[in-house]
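**Student:** Quick mapping for you: the protein sequence lines, in order, are chains A and B. Following UniProt numbering, the numbering of the first sequence begins with 1 at its first residue and continues without gaps. Following UniProt numbering, the numbering of the second sequence begins with 1 at its first residue and continues without gaps. Attaching a single structure in C-alpha cells format; questions to follow.
Number of protein chains: 2
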Amino acid sequence: MASSNGKPVPGEEGKTPAVAAEGSIGGYESLHRLLEANLSPELFKEASRLLLGLNCARQLESISLPEAATFLAETHNFDMQAFRFSADKEFLRQARVVRVGLIQNSIAVSTTCHFADQKKAIMEKIKPIIDAAGASSVNILCLQEAWTMPFAFCTREKRWCEFAEPIDGESTQFLQELAQKYNMVIVSPMLERDVNHGETVWNTAVVIGNSGNIIGIHRKNHIPRVGDFNESTYYMEGNTGHPVFETAYGKIAVNICYGRHHPLNWLAFGLNGAEIVFNPSATVGELSEPMWPIEARNAAIANSYFVGSINRVGTEVFPNPFTSGDGKPQHADFGHFYGSSHFSAPDASCTPSLSRYRDGLMTSDMDLNLCRQIKGKWAFRMTARYDMYASLLSDYLKPDFKPQVISDPLIKKRS
Amino acid sequence: MASSNGKPVPGEEGKTPAVAAEGSIGGYESLHRLLEANLSPELFKEASRLLLGLNCARQLESISLPEAATFLAETHNFDMQAFRFSADKEFLRQARVVRVGLIQNSIAVSTTCHFADQKKAIMEKIKPIIDAAGASSVNILCLQEAWTMPFAFCTREKRWCEFAEPIDGESTQFLQELAQKYNMVIVSPMLERDVNHGETVWNTAVVIGNSGNIIGIHRKNHIPRVGDFNESTYYMEGNTGHPVFETAYGKIAVNICYGRHHPLNWLAFGLNGAEIVFNPSATVGELSEPMWPIEARNAAIANSYFVGSINRVGTEVFPNPFTSGDGKPQHADFGHFYGSSHFSAPDASCTPSLSRYRDGLMTSDMDLNLCRQIKGKWAFRMTARYDMYASLLSDYLKPDFKPQVISDPLIKKRS
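Below, the structure written as C-alpha cells:
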C-alpha cells in the first residue's frame with residue numbers, strides 16, 4: 001500500500017509498510033497462522049495434516065534459509081517462508097531437487113506519482129526480495145502478474161498502457177542482470193507492447209534463463225470479463241499456445257491469472273510436459289478468495305506437476321473514481337489483493353500461504369521426480385480417454401451441437 | 001463396520017454401530033467439528049468462512065428437518081446434516097429450489113455371510129435413511145458407489161461379481177418402490193450385469209425417476225488401476241458417454257468415483273448441461289483424503305454446477321487376505337473409507353462434511369438458478385477457447401505428437 005501522500009517516506013524507501021488488517025477479517029495473516037495461534041499443538045498438527053493434504057508417508061518440512069536472506073526479510077519487512085516437498089528415492093534416476101521462489105508485493109508509491117517514479121519504486125522495492133531469493137540459492141523465481149505497475153485495468157483508462165514495454169525492455173533488462181548474478185531462472189509477468197504488430201498490447205510472461213538470456217515468452221490465454229476485471233479492454237487472448245520452457249532446472253510453464261479457472265489450460269501445459277506451472281495473479285478477496293485454495297491444488301493433482309500460485313497484496317487507490325457495473329456508487333479502488341501465495345504438489349499436498357497483507361517470498365525445495373512418481377501411481381494420463389474428449393469438443397464447437405440429454409418421458413418439459 | 005462375529009446383534013439389526021476412532025486420527029468426526037469444538041465462536045466463524053468458501057454476500061445456512069427424520073437419525077444412529085445454498089432473485093425466472101440428499105453407509109454384516117444375507121442387510125440398513133430423506137421431502141437422492149455390496153474389488157476374486165444385477169434387478173426394484181412412494185428421483189450406483197452383451201460387468205448408475213420409472217443409466221468412464229483399486233480386473237471403461245438426465249427436478253449427471261480425477265469428465269457433463277453432478281465414490285484415507293475436499297469443489301467452480309460427493313464409511317474385512325503390490329505383508333482390508341460426503345456449489349462454497357465414521361444423510365436445498373448466475377458472472381464457457389483444445393487433443397492423440405517445448409539454447413539437454 002502506498003504511503004498516504006503517495007511518496008516514499010524519506011529514509012524508508014524500499015521498505016514495505018505494514019498493512020493494517022481490514023474490517024472484520026483483520027488480525028491474522030493466514031488461516032494457517034490463525035489456527036496455529038488458537039489450537040493446541042496436537043490439534044493444530046491434525047488440522048494442518050487435513051488442510052495441507054499431508055499423510056504419514058510424506059510430510060512437509062520447513063527449511064531454514066541463510067542469515068543474509070533472513071536479515072533482508074527483517075529489514076524490509078517481508079514475509080519469508082520456506083518448505084520442502086519430498087519424493088521417493090529411485091534406483092535409475094538421481095533426485096532432481098530444485099529450489100523455487102515466488103514473490104508477492106504491494107505497489108511502492110501512490111498511483112498519482114509520475115509513471116517513471118512508480119516503476120522505479122517498484123523495482124527498488126522488490127530488489128531486496130530478489131536478493132533474498134538469490135542469497136537463498138533459489139533456482140527458479142516467479143514474480144506476480146504485471147509486476148511493474150498497479151493493476152489499473154479496473155479503471156478502463158487506456159493511459160495506463162504507458163507501462164507496457166517491449167519484451168526486451170527496461171524491466172526485463174533489470175531482471176536479466178539479476179538472473180545472471182544469481183544463476184537463477186526468472187519469470188517476469190508484464191504488460192507487453194508488441195511494436196512489430198501494430199503496438200498490440202499483451203499480458204505476457206517473459207522467461208529469462210539463468211545466464212540472463214531471454215528463453216521465450218507466453219501470452220495470457222484466457223481474458224476475464226468479470227466485474228472490474230474486464231481486461232478485454234486492454235489486451236486480447238494470447239497467441240503463443242501453451243509453451244513449456246526447458247530451463248537449466250526443469251520444465252516450466254506460466255498460466256497467467258484468470259487462466260487458472262480453465263482446467264483445459266492447465267491440462268495443455270501438462271500435455272506439453274511441464275513439471276512446474278506458475279500462476280502469477282492479481283485477484284481480490286470478495287471475488288475469488290474461496291476459489292484460491294482450490295484451483296491450483298486441483299491442477300497440481302490432475303496434471304501431476306507442481307504449481308506456484310502468486311497474488312499481489314494491498315489495496316490500490318486510483319486517481320479517478322470508477323463504477324463497476326454493480327449498481328454501487330463510484331469508488332477509487334477495487335478491493336484488497338489478498339496475497340496468500342503458495343505452492344501445490346502433485347501428491348495433493350500444499351504449503352501454507354504467505355501473508356494476506358505483507359510482501360513476501362515463498363520458497364520451496366521440490367524433487368521434480370515426484371511428477372513421474374505420481375503419474376505412475378495414479379495413471380491419470382493413461383486412463384484419460386483423450387480421444388473421447390477430442391471428439392466431444394469437436395462436436396460441441398458446431399453451432400448445431402446437441403447435448404446428450406436423456407429426458408424422463410413422464411415429466412413435462414420446461415420451456 | 002460389521003459386528004465382530006460378522007452377524008447383526010439380535011435386536012440391533014438396522015442400527016449403525018458407532019465406529020471407534022482409529023489410531024492417531026481419532027476422536028473427531030470432521031475437520032469442521034474439530035474446529036468448532038476448539039475455537040472461539042468468532043474464530044470458528046472466520047475459519048468456516050475461509051474453509052467453506054463463504055463471503056458476506058452469500059452465506060450458507062443450516063436448515064432444520066422434520067421430527068420424523070430426526071427421530072430416524074437418532075434411532076438408527078446416522079449423522080444427519082442439512083444446509084441451504086442461496087442464489088439471487090431474478091425478474092424473469094422463478095427460483096428453482098430443489099432439495100437434494102446424499103447417503104453414505106458402512107456395510108451391514110460380515111463379508112463372510114451369505115451373499116443374499118449381505119445384500120438384504122444393506123437394504124434393511126439404508127431403508128430408514130431413505131425414509132428420513134423421504135420424510136424430509138428430498139427431491140433427488142443419490143446413494144454411494146456399488147451400494148449393494150462390500151467394495152470387494154481389492155481382493156481380485158471374481159466371485160464377488162455375483163453381486164452384479166441387471167439394470168432392472170432386485171436393488172433397482174427396491175428403490176423404484178421408494179422413489180414412487182416419496183415422489184423422489186433416486187440415483188442408484190450398482191454393479192451391473194449386462195446379460196444382453198455376453199454377461200459383461202459394468203460399474204453403473206441407474207437413474208430412477210420420481211414416478212418410479214427407470215430414466216436411464218450411466219456407466220463409469222474412467223477405471224482406476226491404483227493400488228488395491230485395480231478395478232480393471234472387474235469392468236471396462238463405460239460406453240454411455242456423458243448423459244445428462246432431465247428429471248422432474250433438474251438436470252443431473254453422475255461422475256462415478258475415479259472419474260472425479262479427470263477434469264475433462266467433469267467438463268463433459270457440464271457441456272451437456274448438467275446442473276447437479278453426483279460423485280458416488282469408495283475411497284480410503286491414506287490414498288485420497290488430501291484430494292477429497294479439492295476436486296469436487298474445483299469441478300463445481302469450473303463448470304458452474306452443483307456437486308454432491310459421496311464416500312462410503314468404515315473398514316471392510318474380507319475372508320481371504322491379499323497383497324497390494326507395495327511389498328507389505330498380506331492383509332484382509334484395504335483401509336478406512338472416510339465418509340465425509342458433502343455438497344459443493346458453483347460459487348465456490350461448500351457444506352461441511354458428514355462424519356468420517358458413521359452412516360449419514362446430507363441434505364441441501366439449492367436454487368438451480370445459481371448455475372446460470374455464476375455462468376453469467378464468471379463467463380467460463382464464453383472464455384474457454386474450446387477450439388484451441390479440440391485441436392490440441394487431436395494432435396496429442398497422434399503417436400508422433402511433439403510437445404510445444406522451448407529449450408534454453410544455453411543449457412545442455414538432458415538425455
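Backbone N, C-alpha and C define an ideal beta-carbon position, used for all residues, glycine too.
How far does the beta strand (DSSP E) with H336 (chain A) in it reach, from first residue to last?
**Tutor:** Here the beta strand (DSSP E) through H336 (chain A) covers H336 to Y338.
**Student:** Just to confirm the assignment, what range does the alpha helix (DSSP H) spanning C371 (chain B) have?
**Tutor:** N369 to W378 is the extent of the alpha helix (DSSP H) around C371 (chain B).
**Student:** Leaving out five residues before and five after F229 (chain B) in sequence, what residues of the same chain have Cβ atoms less than 6 Å from its Cβ?
**Tutor:** Correct list: empty, nothing qualifies.
**Student:** Exposed or buried, what is S340 (chain B) when buried is set at 16 or more other beta-carbons lying within 10 Å of its beta-carbon?
**Tutor:** So S340 (chain B) counts as buried.
**Student:** Answer with buried or exposed for P293 (chain B), where buried requires no fewer than 16 other C-beta atoms within 10 angstroms of its C-beta.
**Tutor:** The residue is buried, with at least 16 neighbouring Cβ atoms inside 10 Å.
**Student:** Does any residue of chain B bring its CB to less than 8 Å from the CB of I25 (chain A)?
**Tutor:** Any answer about I25 (chain A) is weak, because its pLDDT of 41 lies below 50 and its placement is not dependable; what the coordinates show is given next. I25 (chain A) counts as touching chain B.
**Student:** I need the straight-line Cα distance from K328 (chain B) to M190 (chain B), nearest angstrom please.
**Tutor:** Answer to the nearest angstrom: the Cα atoms are 31 Å apart.
**Student:** What are the residues in the segment 368-400 of chain A lying within 7 Å of chain B by C-beta distance?
**Tutor:** Listed by position, the residues of the segment 368-400 of chain A near chain B (Cβ gap below 7 Å) are K377, W378, A379, F380, T383, A384, R385, Y386, D387, Y389, A390, L392, L393, S394, Y396 and L397.
**Student:** Between A135 (chain B) and F343 (chain B), what straight-line distance do the alpha-carbon atoms span, to the nearest angstrom?
**Tutor:** If I take the Cα positions, the gap works out to 20 Å.
**Student:** Pull up the distance between the alpha-carbon of G250 (chain A) and that of R225 (chain B), whole angstroms please.
**Tutor:** Looking at the two C-alpha atoms, the distance is approximately 28 Å.
**Student:** Take D194 (chain B) and list the residues in its own chain whose beta-carbon comes closer than 7 Å to its own, dropping the five residues that flank it on each side.
**Tutor:** T200 and W202.
**Student:** Below 8 Å CB to CB, which residues in the same chain sit around C371 (chain A) once its five sequence neighbours on both sides are set aside?
**Tutor:** Same-chain partners within the cutoff: E275, S304, Y305, F306 and P346.
**Student:** Among residues of its own chain, excluding the 5 on either side of C161 (chain B), which ones have a beta-carbon nearer than 8 Å to its beta-carbon?
**Tutor:** L191, R193, V201 and Y234.
**Student:** Are any of the Cβ atoms in chain A nearer than 8 Å to that of T204 (chain B)?
**Tutor:** T204 (chain B) does not count as touching chain A.
**Student:** Give a yes or no on whether the C-beta atoms belonging to R312 (chain A) and Q104 (chain A) are separated by under 8 Å.
**Tutor:** For R312 (chain A) and Q104 (chain A), yes; Cβs fall inside 8 Å.
**Student:** Could you tell me the alpha carbon to alpha carbon distance between Q173 (chain B) and E165 (chain B), rounded to whole angstroms?
**Tutor:** Using only the alpha carbons, I get a separation of about 11 Å.
**Student:** So is I63 (chain B) buried or exposed if we call it buried at 16+ other beta carbons inside 10 Å?
**Tutor:** Exposed.
**Student:** Going by DSSP in three states, P243 (chain B) sits in which element: helix, strand or coil?
**Tutor:** P243 (chain B): coil per DSSP, three-state reduction.
**Student:** Pick helix, strand or coil for R49 (chain B), following the three-state DSSP scheme.
**Tutor:** In the structure shown, R49 (chain B) sits in a helix (DSSP, three-state: H, G or I).
**Student:** Using a Cβ-Cβ distance cut-off of 8 Å, determine whether H331 (chain A) contacts chain B.
**Tutor:** By this cut-off, H331 (chain A) is not an interface position.
**Student:** Just to confirm the assignment: which complete beta strand (DSSP E) runs, minimum length 3, are found wholly within the segment 139-169 of chain A?
**Tutor:** Correct list: 140-142.
**Student:** List the residues of chain A whose Cβ lies closer than 9 Å to the Cβ of I276 (chain B), in chain order.
**Tutor:** What I276 (chain B) touches in chain A: nothing, since even the nearest Cβ is about 14 Å away.
**Student:** If the cut is a Cβ gap below 7 Å, which residues of chain B does A248 (chain A) touch?
**Tutor:** Those are D408 and I411, listed as they occur along chain B.
**Student:** According to DSSP, is P403 (chain A) part of a helix, a strand, or is it coil?
**Tutor:** Three-state DSSP puts P403 (chain A) in coil, outside helix and strand.
**Student:** Span of the beta strand (DSSP E) holding L191 (chain A)?
**Tutor:** V185 to D194 is the extent of the beta strand (DSSP E) around L191 (chain A).
**Student:** Could you name the residues of chain A that L50 (chain B) contacts, counting a contact when the two beta carbons are closer than 7 Å?
**Tutor:** By Cβ distance, chain A contributes L31.
**Student:** Is there contact between the segment 69-86 of chain A and the segment 40-54 of chain A, where contact requires at least three CB pairs shorter than 8 Å?
**Tutor:** As far as the Cβ criterion goes, the segment 69-86 of chain A does not touch the segment 40-54 of chain A, which means the pair count is below three.
**Student:** Is there a Cβ of chain B sitting closer than 8 Å to that of V405 (chain A), yes or no?
**Tutor:** Chain B contact via Cβ: present.
**Student:** M291 (chain A): which of B:G216, B:G285, B:P290 and B:A300 sits nearest, CA to CA?
**Tutor:** The candidate whose alpha carbon is nearest that of M291 (chain A) is B:A300.
**Student:** Report the partner residues of G360 (chain A) according to the DSSP bridge assignment.
**Tutor:** Looking at the DSSP assignment, G360 (chain A) forms a beta bridge with A:D79 and A:Q104.
**Student:** Between the beta-carbon of residue 468 (chain B) and the beta-carbon of I167 (chain B), is there less than 8 Å?
**Tutor:** Nothing in the structure corresponds to residue 468 (chain B), since chain B is present only between 1 and 415.
**Student:** Rounded to whole angstroms, what's the CA-CA distance from D79 (chain A) to L65 (chain A)? Just pull it up for me.
**Tutor:** The alpha-carbon atoms of D79 (chain A) and L65 (chain A) are separated by roughly 13 Å.
**Student:** Could you give the distance in angstroms between the alpha-carbon of I126 (chain A) and the alpha-carbon of V317 (chain A)?
**Tutor:** Computed Cα separation, rounded: 20 Å.
**Student:** Does the CB of A20 (chain A) have a neighbour CB from chain B at under 8 Å?
**Tutor:** Per-residue confidence for A20 (chain A) stands at a pLDDT of 34, beneath the threshold of 50, marking its modelled position as unreliable; the derived number appears in the next sentence. No, A20 (chain A) lies away from the interface with chain B (no Cβ there is under 8 Å from its Cβ).
**Student:** Could you check the C-alpha separation between T240 (chain A) and G376 (chain A) for me, to the nearest Å?
**Tutor:** If you take the alpha carbons of T240 (chain A) and G376 (chain A), they lie about 30 Å apart.
**Student:** How is N298 (chain A) classed by DSSP in three states: helix, strand or coil?
**Tutor:** Three-state DSSP puts N298 (chain A) in a helix.
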